[in-house]
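Counting with my numbering, you get residues 678 to 1316 for the letters of the sequence shown. In what follows, a single structure is set out as structure tokens and then discussed.
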Amino acid sequence: MFLVSAFLVSLFLGLGFTVDQPVRTITLKIAVDEEFREQNTWSMQVRRIVKDVSGRFERKYGLRFEIKKQEFWISHNHTDSMCDLLNDLRKKVYQGECDIVVGITGQPIQKTDFSGLATYLRSYILLRRMGSDLAVKVTLAHEFCHLFGAVDLNEEGSIMDTKKLGDVFDPFTSEIIRINKFRNFIPHIFPLAENNWDAAVSTYQKRKSQGKNETDLNIALATLFLEKEDYDAVIEECFEVLQIKPDLPEVHNLLGIAYRRKGEVDKALEQYRTFLRMEPNLPEIHYNMGIALYNKGQIHESIKEYKRAIELNPYYAKAYANLAYVYLNEENPDQAIELANKALNIYPRMAKALSTLGGAQILKKNYKEAEKSTRKALSLDPDLYEPYNNLGSIYVSLNKIDEAITQYQESLARKPDFPEALYNLGRAYLLKGDFNQAVLSFEEAIRLRPEYSKAYANLGNAYLKKGHTDKAIDASRKAINFKSDYAIAYVNLGNAFLRKEMLVEAEISIKKAIKLEPEMAEAYNVMGFLLEKQEQFDEARTMYLKSLQFKPEYLNAHLNLANLYFRKTLHDKAADHYKKVLELDPKCGPANNNMAVILYYKSKYSLAWAYLIKAEKSGLQIHPGFKKELSKKIRQKQI
678 MFLVSAFLVS
688 LFLGLGFTVD
698 QPVRTITLKI
708 AVDEEFREQN
718 TWSMQVRRIV
728 KDVSGRFERK
738 YGLRFEIKKQ
748 EFWISHNHTD
758 SMCDLLNDLR
768 KKVYQGECDI
778 VVGITGQPIQ
788 KTDFSGLATY
798 LRSYILLRRM
808 GSDLAVKVTL
818 AHEFCHLFGA
828 VDLNEEGSIM
838 DTKKLGDVFD
848 PFTSEIIRIN
858 KFRNFIPHIF
868 PLAENNWDAA
878 VSTYQKRKSQ
888 GKNETDLNIA
898 LATLFLEKED
908 YDAVIEECFE
918 VLQIKPDLPE
928 VHNLLGIAYR
938 RKGEVDKALE
948 QYRTFLRMEP
958 NLPEIHYNMG
968 IALYNKGQIH
978 ESIKEYKRAI
988 ELNPYYAKAY
998 ANLAYVYLNE
1008 ENPDQAIELA
1018 NKALNIYPRM
1028 AKALSTLGGA
1038 QILKKNYKEA
1048 EKSTRKALSL
1058 DPDLYEPYNN
1068 LGSIYVSLNK
1078 IDEAITQYQE
1088 SLARKPDFPE
1098 ALYNLGRAYL
1108 LKGDFNQAVL
1118 SFEEAIRLRP
1128 EYSKAYANLG
1138 NAYLKKGHTD
1148 KAIDASRKAI
1158 NFKSDYAIAY
1168 VNLGNAFLRK
1178 EMLVEAEISI
1188 KKAIKLEPEM
1198 AEAYNVMGFL
1208 LEKQEQFDEA
1218 RTMYLKSLQF
1228 KPEYLNAHLN
1238 LANLYFRKTL
1248 HDKAADHYKK
1258 VLELDPKCGP
1268 ANNNMAVILY
1278 YKSKYSLAWA
1288 YLIKAEKSGL
1298 QIHPGFKKEL
1308 SKKIRQKQI
């Protein structure tokens, strides 16, 4: 930002020296408000100003500024803050394919003497109408410098001097501009390439060592340290600023991000709220609040903050992408798809939005499109962790459990504290029958997200598989405490009560699940098992069939129905369902064993023997007398 001085120097008389270097053209979108357009010659004036400023930057640094587009901007008429007016510009004027948006207002701003505003991370500049073209040129040049990494200085004669504007690009400013010459202006990624970070840090630190209390240096360093993931250094820089300028909002934003990434979410929220008391309408703060609240498990509050960020900036692709991710994890795929597509309409190369789109397509069982979206995300960003989680779920749908586990582990290798991947890894271990690893994965997911109802529900299921019925009841109840309408948790609770022969409690839980989700196959399956225990066999059969009506490939319902028919000596019907079980899981021991018995009764001894051996290889303890008898029958038939 630049403070207007009463002293206007002849900045554009000495244009500097010519540098033999490649020229980079920076495209501008000029947005002028209705007050500024009251001047009939405004368009020619703007072009002249840009041309003069561009000439100096081109001769000095090989940077050319070129107007690509002009548009009108209906500025907010009830604000007396340049910060609010800049936010209004960002809300109403889309950057599009241009590198920088330059907004020019003719509004009288009473509460500030800033003549211009710009920040390094946002490719927008706001200028006020001033008494002369020279004053506007001075301000525009100053703000362009900000976008190329320059900071406000206590440097007499410098173009970045905050006390009295000078006409010189001082050596420090020139060096930092050269480092940033090829910075990008894509609003969704960090401006400076990673191979230039150390050079920028070194340049800022060298200037800082002069001890001139130039707090913008601390802000610039903190911003870079965030990208370098040196969060303690960020905090140190910010606290240095607070000793000098305790009311600088951006410090609290940087502190909030650093605390959040260190896992200190409550401290982060405190910093964000401090910022909002100073400047409530910056979309990035509401976006950051959304992330922090989501990490605390406060989903509805998180959604509100993301929506507020989008309201303040309808072109905020990252906010759409993050909100889509929240809806994905709330198992609302339609909303997730809609929002992910909005993010991609703004920035088609946003890998995270593509990954979220893939995750939502998985929930809708559109696995082919999900894999396409996911692999495109990985092609754009191979280090992104969410796509590997998606691929794991795609492999689960193909019953390739080992491959799924590998993909979940790839995700966790990139982000060990990713609760969704831990949860999915636990589910994969459940399917594989490795219940100990399943428990460990679910418990770690819960440690990271204490209110993770899905992880509690599946932890209850894992405990059931291990025979730890009381632990299963406790985990299922916790899942219900965090999500009172969680039908599958009621199913698991009912199943656990069944194991303890608490039939009344089991029936209450299962009926609650069916009431919540009338088409839940798992609930009808457990209800069938409960009715079998009560020797209501016809009613049990009806429940199993209803379960299969809603989920035709449901192995457990086929197995339970087959077992019911087997007990009632309806062998042909039993065999039909055992065969379906074995299509779904060829290694199912009980199905192979009981098929052997059925075939024995049908005098198909050799075929029965093949099934019995499969049952034995699966680890099932087969009846030695039956094996001996079947072997005897085969020998007799051969004689």
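Glycine included, every Cβ here is placed at the ideal spot set by N, Cα and C. Nothing here was measured: the structure is a model prediction, and the numbers come from that model.
Considering only the alpha carbon of each residue, which of the options lies closest to residue i?
i     : options                    : result
K1041 : P1096, E1212, E1008, N972  : E1008
H755  : E743, R724, P785           : P785
A1098 : A1132, K1077, D1111, L1075 : A1132
R799  : F1119, D810, G780, H1235   : G780
E1063 : L1075, N1043, I1039, L1107 : I1039
I1150 : L1170, V1203, N972, F1159  : L1170
I751  : V709, K858, L1005          : V709
D729  : D810, L989, P868           : D810
M1220 : A935, Y1201, P1059, A1134  : Y1201
G732  : A1028, T782, A818, D761    : A818
I1165 : H1235, K841, E1199, P1096  : E1199
G826  : K1250, A876, S1118         : A876
R769  : I707, T850, N972           : The question names Arg, but residue 769 in the sequence shown is Lys. Of the listed residues, the one whose Cα sits closest to K769 is I707.
R1104 : Y949, A1122, Q722, A1020   : A1122
E927  : V942, V813, L894           : L894
G940  : L803, M955, Y971, D847     : Y971
D1094 : D1079, P1127, Y1282        : P1127
L1307 : P848, L1289, G1296         : L1289
A1217 : K995, K1192, L989, R1244   : R1244
Once DSSP output is grouped into helix, strand and coil, what is the label at residue i?
i     : result
Q1298 : coil
L970  : helix
S1056 : helix
K706  : strand
F689  : Only weak support is given to the placement of F689: the predicted model assigns it a pLDDT of 43, under 50, and the value that follows is read from those uncertain coordinates. Three-state DSSP puts F689 in coil, outside helix and strand.
T951  : helix
G780  : strand
L794  : strand
R1026 : coil
E1306 : helix
Q1313 : helix
V700  : coil
V770  : coil
G888  : coil
Can you give me the start and stop residues for the beta strand (DSSP E) that residue i sits inside?
i     : result
E748  : 740-750
G1205 : It is not in any beta strand (DSSP E) - G1205 instead sits in the alpha helix (DSSP H) that spans 1198-1210.
Since residue i and residue j are thought to touch, with beta carbons under 8 Å apart, how far apart are those beta carbons, to the nearest angstrom?
i     : j     : result
Y983  : N999  : 6 Å
A1054 : L1031 : 4 Å
Y1085 : V1116 : At roughly 16 Å, the Cβ-Cβ gap does not stay under 8 Å, so Y1085 and V1116 are not in contact.
K745  : T704  : 4 Å
Y1004 : L1016 : 7 Å
N1237 : G1205 : 6 Å
V727  : F742  : 6 Å
What are the boundary residues of the alpha helix (DSSP H) that residue i is part of?
i     : result
S851  : 848-856
R1104 : 1096-1109
L959  : Neither: L959 is in no alpha helix (DSSP H) and is coded neither H nor E.
G1266 : 1266-1278
F713  : No alpha helix (DSSP H) contains F713, which DSSP labels as neither H nor E.
E904  : 892-904
M1220 : 1214-1227
S1186 : 1180-1193
Q1084 : 1078-1091
E1008 : Per DSSP, E1008 belongs to no alpha helix (DSSP H) and is neither H nor E.
N1066 : 1063-1074
L926  : For the sequence presented, residue 926 should be read as Pro rather than Leu. Element bounds for P926: 926-938.
H755  : Counting along the chain, H755 falls outside any alpha helix (DSSP H), and DSSP gives it neither H nor E.
I1247 : Looking at the sequence itself, residue 1247 is Leu, so the reference to Ile does not match. Run containing L1247: none; DSSP gives neither H nor E here.
S979  : 976-989
D909  : 908-921
Handout entry: beta strand (DSSP E) runs contained entirely in the region 797-873, provided each spans 3 or more residues
Key = 799-805
Exercise for the section: At 3 residues or longer, and completely inside the region 1106-1175: list those beta strand (DSSP E) runs for me, N to C. Expected result: none
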